[in-house]
Each structure stands twice: as C-alpha cells, then as structure tokens.
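Written out below as structure tokens is the structure these notes cover.
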Amino acid sequence: MASAKERILETASTLFGKQGYNSTGINQIISEAKVAKASFYQYFKSKDDLCIEYLNVRHQYWFNKLNHFCEQEENLKVKILSSFDFLIHMNQEENFQGCSFLNILSEIPMDNAKILNVIQHHKTELRKYFTELLKNDTLSDHIYLLFESCIIESQLFKSNELIEKTKKIVNNLIS
1368 MASAKERILE TASTLFGKQG YNSTGINQII SEAKVAKASF YQYFKSKDDL
1418 CIEYLNVRHQ YWFNKLNHFC EQEENLKVKI LSSFDFLIHM NQEENFQGCS
1468 FLNILSEIPM DNAKILNVIQ HHKTELRKYF TELLKNDTLS DHIYLLFESC
1518 IIESQLFKSN ELIEKTKKIV NNLIS
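Under our numbering, think of the first position of the sequence shown as 1368, with each following residue one higher.
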C-alpha cells in the first residue's frame, strides 16, 4: 500500500486535474487520501507546499515519459515530431487535461513566487530540451512555442487536430 505522503500526492494530483487547484481544499485531500490531518501537516506545511511537491513530481514524471517516448528515435527530425506525438499520447492518457503547470499558473496570484518559480523551471527545461536537440536558438524557440500552443489548443478543443497540423509545419521547418 502507498505511504501517506504518496496517497496525499496521488489524491492531490487527481483532484487538481479534475477540479482545479483553487477548488481543491486540504480537508478534501485529507479525506480522500484517507490520512490523518497530522499526517498531512507532517509532510506539507501548507497547500502551496503540497502544490510545489506535486509540480516537482509531475515535472519528473512528464520528462521521464517524454524522454522514454522519444529516445528510440535516432533521426533528429523524427525525434522532434515524436515529441508532438507524445502530446497526442498524453491527451489520450489524461483525457485532454492539458499542462498541469499552466493549469496551476492560471489559478495562482502572480506574486506567489514559490509556485511560480517551479512552473518557470519546468518551462525553462522544456525550452532547453528543444534547444539541446536542435542546437539553434531561433528554431528551437519556434518549435517550443508551437509545442506550448498545441498543449493549450488541444486542451481547449479536446482535439489532437491542431497537433497533427503543427507536425506538418514542424516537418517543413526542420531541414
């Protein structure tokens, strides 16, 4: 059986995804995770601290899946295109939940530096992912921005159609 901390994080992940960060209360997380209030506060001082841990775990999970999804590809162009296939895969797996980081960003005050830093770190790492692959800042930023817009648009319309269209654009951009 999962530890109390793991149950708290799993429950928070599910609830944040289904009903949003602001609509999810600590008491609901405690109840649905079947932990004592003292156990929650043993691991997390606040809901913000839980959010930071959730985002850090999500970051690791997401990048591990992205890297695993694309690692078999030798050809650079195919690897980049596979990263867009990864978005389609995640949309199917998570029912168009979208980006956990952007979802949280839309709900927090912009002066919440602790959570904002974690979100910015995730996006910086994603940008770096494309930069390291392409070795061209302008092209990699272009691909990154297309990738990000695909996440948002596919969540909004609950469709992978624009991801498929973007793959064609990316295919033409990469020589």
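C-beta atoms are modelled at their ideal positions from N, C-alpha and C, and glycine is treated no differently. All figures in this text were calculated on a predicted structure; none of them were measured in a lab.
Task: Residue interval of the alpha helix (DSSP H) (run including residue 1475) - done: Run containing residue 1475: none; DSSP gives neither H nor E here.
Open item on the list: the ligand ZN and residue 1420: does any heavy atom of the ligand fall closer than 6 Å to the residue's C-beta?
Closed with: Ligands in the displayed structure: none, and consequently the ligand ZN is not present.
- [ ] Measure the Cβ-Cβ separation of residue 1371 and residue 1402 and say whether it is below 7 Å.
- [x] yes
- [ ] Grab the span of the alpha helix (DSSP H) containing residue 1584 for me, first residue to last.
- [x] There is no way to answer for residue 1584, as the model of the chain reaches only from 1368 to 1542.
- [ ] Using three-state DSSP, classify residue 1388 as helix, strand or coil.
- [x] coil
Open item on the list: Quick check on residue 1533: buried or exposed, where buried means 16 or more other Cβ atoms within 10 Å of its Cβ?
Closed with: With a 10 Å radius around the Cβ and a threshold of 16 neighbouring Cβ atoms, residue 1533 comes out buried.
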